[in-house]
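Here the structure is laid out as structure tokens; the discussion comes afterwards.
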Amino acid sequence: MPSAHRWRVSLAAAAVAVPLTLVVPAAVPASATPPPTVAAPGEALADDLLVIGHRGAAGYRPEHTLASYELAARMGADYIEPDVVSTRDGVLVTRHENEISGTTDVADRPEFAGRRTTKVIDGVSLTGWFTEDFTLAELRTLRAVERLPDVREENTLYDGLYQVPTLDEVLELRDRLSRELHRDVGVYIETKHPTYFDAAGLSLEEPLLADLREARMDRANSPVFIQSFETTNLIELDRAQVRVPLVQLLSGSGAPYDLVAKGDPRTYAVLAGAAGLLEIATYADGVGPDKNQVIPRNPDGTLGAPTALVDDAHAAGLLVHPYTFRNENTFLPPALREGPADDDYGRALEEHAAFWDAGIDGMFTDNPDTGVVSRALFLDAMAPAA
Ligand code: G3P
Ligand code: CA
0 MPSAHRWRVS LAAAAVAVPL TLVVPAAVPA SATPPPTVAA PGEALADDLL
50 VIGHRGAAGY RPEHTLASYE LAARMGADYI EPDVVSTRDG VLVTRHENEI
100 SGTTDVADRP EFAGRRTTKV IDGVSLTGWF TEDFTLAELR TLRAVERLPD
150 VREENTLYDG LYQVPTLDEV LELRDRLSRE LHRDVGVYIE TKHPTYFDAA
200 GLSLEEPLLA DLREARMDRA NSPVFIQSFE TTNLIELDRA QVRVPLVQLL
250 SGSGAPYDLV AKGDPRTYAV LAGAAGLLEI ATYADGVGPD KNQVIPRNPD
300 GTLGAPTALV DDAHAAGLLV HPYTFRNENT FLPPALREGP ADDDYGRALE
350 EHAAFWDAGI DGMFTDNPDT GVVSRALFLD AMAPAA
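The sequence shown begins at 0 in numbering that gives the first Met the number 0 and counts up one residue at a time.
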């Protein structure tokens, strides 16, 4: 019996918000246990299975544009997902990474040719153009382009139409759409490369909290999640008694960069184990694993048996929101592919069904309309016979 839609969680929250002073993160040794979070007054959330519009509706529009977020909400996504990075003047804008040659037309702008440079981001050398080298005014002159033109050729129709949005604009959009659609459209905000931006003097968390406060979205019942692949900034947000829920992202390989930088040996695999999840539960309210950490693929290309992750996370009091569900063959288990082309749609509904059955509490998907349909099919199947 899937536990998801009747399962509740106590949010890590406090009744009174305290201004966040995020200075240089204190080292957290592997053995240290952060102080427990304060339970919210009453229980909240998690009665619903969430469809989260990944980078908006990235299957249909260039990602992280207002058009992509708006389409996701209109398709029925409960939450839209902005990833945030900083400009040179400290404004949060929504991009999946701070290197923007893959998602904007910056490489075609002769006026910015001199900004092309090489940097080491989270230990990886990258050459391109970086948001922190542009003021917001400069960044606004660029236009978004489709990241995956070979897989999503249709989306290139919209290349050149949309600006890089600020987080403020996304919050305004979600407010307008919530009123129009007569339901709360949530935001599921990811801080990208927080250690890197701290070192650059452009810490992400203070402007993020300021933007939420200004939008009156910093309350315990605000439809907001804050997520990170790193641990330190989530622990600090929790210690600062941020009232919205926090989600620790996990990965099928590697380790959080903040832990790597501190010489902490813990990997994502360690964090995804039962003990690791109990430790995450001391500062976060959910985990966002790679979907393969929930249901791995068999060597023959079929979906395998679910791992213990969902049960272990629920036992620790954590929500489970895996990423990323996409309709195209190239992203599906081989056994669910249909047709000859990588960009043909496969049997994505079957993939979704297996994950709802496994007890997940929500999913990040580039195709929110498909997520809404699969959720309805699952809930119908679970409903008691009349
Ligand atoms: O944040 C959930 C999911 O978006 C994580 O992956 O790389 O698409 O940000 P990514
Ligand atoms: Ca993300």
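Even for Gly, the Cβ is constructed at its ideal location relative to N, Cα and C.
None of the values given here were measured: they were computed from a predicted structure.
Cut-off 6 Å between Cβ atoms - residues of its own chain near residue i, not counting five sequence neighbours on either side
| i | result |
| --- | --- |
| residue 173 | 184 and 186 |
| residue 44 | In this predicted model, residue 44 has a pLDDT of only 42, less than 50, meaning its place in the structure is not dependable enough to derive any value. |
| residue 139 | 162 |
| residue 126 | 117 |
| residue 306 | none |
| residue 199 | 131 |
| residue 312 | 276, 286 and 319 |
| residue 95 | 82 |
| residue 269 | 275 |
| residue 32 | Residue placement at residue 32 is flagged as unreliable, the pLDDT there being 33, under the threshold of 50; the coordinate-derived value follows with that caveat. Result list for residue 32: empty, nothing under 6 Å. |
Sequence-distant residues of its chain with Cβ nearer than 7 Å to residue i (five each side left out)
| i | result |
| --- | --- |
| residue 382 | none |
| residue 134 | 86, 87 and 88 |
| residue 386 | There is simply no residue 386 to check, as the chain begins at 0 and stops at 385 in what is shown. |
| residue 271 | 249, 288, 292 and 308 |
| residue 370 | 50, 324, 351, 362 and 364 |
| residue 221 | 243 |
| residue 232 | 190, 193 and 204 |
| residue 354 | 290, 293, 294, 321 and 362 |
| residue 373 | 348, 351, 352 and 355 |
| residue 101 | 146 |
| residue 104 | 141, 142, 144 and 159 |
| residue 111 | 105 and 128 |
| residue 121 | 192, 195 and 256 |
| residue 296 | 302, 303 and 332 |
Near ligand 4: residue i beta-carbon under 7 Å from a heavy atom
| i | result |
| --- | --- |
| residue 247 | Judged by which ligands are present, ligand 4 is missing from the structure shown, whose ligands are ligand 1 and ligand 2. |
DSSP beta-bridge partners of residue i
| i | result |
| --- | --- |
| residue 51 | 78 and 363 |
| residue 247 | 227 and 286 |
| residue 73 | Residue 73 pairs with nothing; no bridge assigned. |
| residue 330 | Paired residue(s): none; residue 330 is not in a bridge. |
| residue 296 | 302 |
| residue 324 | 364 |
| residue 318 | 285 |
Cβ-Cβ separation, residue j to residue i (assumed contact under 8 Å), whole Å
| i | j | result |
| --- | --- | --- |
| residue 191 | residue 97 | 7 Å |
| residue 92 | residue 164 | 7 Å |
| residue 169 | residue 208 | So it is not a contact: roughly 15 Å between Cβ atoms. |
| residue 276 | residue 315 | 4 Å |
| residue 52 | residue 62 | Contact doesn't hold; Cβ gap of about 10 Å is too wide. |
| residue 211 | residue 223 | 6 Å |
Sequence-distant residues of the same chain with beta carbon closer than 8 Å to residue i, five excluded per side
| i | result |
| --- | --- |
| residue 343 | 327, 328, 336 and 337 |
| residue 331 | 325, 345, 346, 347 and 350 |
| residue 273 | 307, 311, 314 and 315 |
| residue 109 | none |
Is there contact between the segment 335–355 and the segment 250–266, where contact requires at least three CB pairs shorter than 8 Å? no
Does the segment 73–85 come close enough to the segment 141–156 that 3 or more CB-CB pairs lie under 8 Å? no
Does the pairing of the segment 250–260 with the segment 312–322 give three or more beta-carbon distances under 8 Å? no
Quick one: complete beta strand (DSSP E) runs, 3+ long, within the segment 78–148? 78–80, 82–85, 91–93, 116–120 and 123–127
Could you tell me which whole beta strand (DSSP E) segments of length 3 or greater appear in the segment 158–229? 185–190 and 223–227
Taking only runs that begin and end inside the segment 334–359, name each unbroken alpha helix (DSSP H) of 4 or more residues, in chain order. 347–356
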